[in-house]
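Notes follow the structure.
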Amino acid sequence: MKIQEAIQQRHSTRTFTGEPLTDREAAVLKDAISNVRTPFCRSDDYTIRLVCMGDAADFKPETYGFISKAPAFLLLGVRPEAKARLGAAFALEKIVLFATSIGLGTCWIGGTFKAESFGVEGVMPEGQELEIVCPVGKPREPRFLERIGKAIMGSAHRKPFGKLFFNESFEEPLQADCSAISGALEMVRLAPSARNIQPWRVLVRDNGKSLEFYY
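Heads up: take any position in the sequence shown, counting from 1, add 340, and you land on my numbering.
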């Protein structure tokens with residue numbers, strides 16, 4: 341699967357079948373984790389671990405979002421520096437997209453979980469804090485409460501292209517089909533964000549030769 345296809349298919353999965361990861365799925369995920377690279381920070385600034393939970397039906401993570409029967413979690417530890425956090429997020433999203441490409445569901449969870457419920461005391465290297473947990477497993481049809489939650493949060497929606505990307509000035513929205521980089525920007529439009537607020541804006545200059553990213 342091409343990276344663009346994975347970006348287009350990825351969505352937050354909170355309900356899982358409870359089936360454990362196969363040996364092959366766990367192996368290829370661990371291999372992807374060991375080989376992931378980011379241009380934004382050093383490899384020792386963050387740690388990604390895959391933790392299988394045993395009987396998923398018995399594990400009740402103290403997290404938001406109605407997570408149900410997740411057989412495994414990706415755990416992201418990171419140093420507090422801004423570059424480390426940027427690089428760590430970039431690396432984890434690469435693993436999330438890889439998981440998507442092999443048919444597994446995922447969901448970013450940050451700041452609304454209790455680390456002790458994952459039994460990770462001492463798992464992360466010194467100086468790194470557990471920042472993100474991400475359930476991973478075979479997706480199942482969302483439950484009623486999950487569907488209601490997604491509808492309220494607008495999880496299935498993204499802002500229009502012209503609300504995020506601009507040409508030369510913020511007074512001129514960029515047209516979706518007028519730039520050689522429009523395809524790449526569409527992938528940015530589809531990217532996940534906390535509460536789906538999509539806080540980023542991009543100003544395109546010099547016919548796509550220069551891009552300014554704003555938060």
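All C-beta atoms in this analysis are idealised placements derived from N, C-alpha and C, irrespective of residue type, glycine included.
Residue environment, residue i, which counts as buried when at least 16 other CB atoms sit within 10 Å
i: E365; result: buried
i: R529; result: buried
i: A429; result: buried
i: I347; result: buried
i: T362; result: exposed
i: R535; result: exposed
i: A531; result: exposed
i: E359; result: exposed
i: C392; result: exposed
i: R354; result: buried
Residue i - partner residues in DSSP beta bridges
i: T446; result: S352, V476
i: L470; result: G417
i: L504; result: The partner list for L504 (beta bridge, DSSP) is empty, contrary to what the question assumes.
i: E552; result: L543
i: A412; result: C392, V476
i: P513; result: F506
Anticipated Cβ contact below 8 Å, residue i with residue j, distance rounded
i: K552; j: V542; result: In the sequence as presented, Lys is not what sits at residue 552; that position holds Glu. With 8 Å as the limit, E552 and V542 qualify as a contact, their Cβ atoms being about 7 Å apart.
Unbroken alpha helix (DSSP H) runs of length 4 or more, entirely within the stretch 362–399: which are they?
363–375
Is there contact between the stretch 375–390 and the stretch 409–418, where contact requires at least three CB pairs shorter than 8 Å?
yes
Would you be able to state if there are at least three C-beta pairs under 8 Å between the stretch 439–452 and the stretch 466–475?
yes
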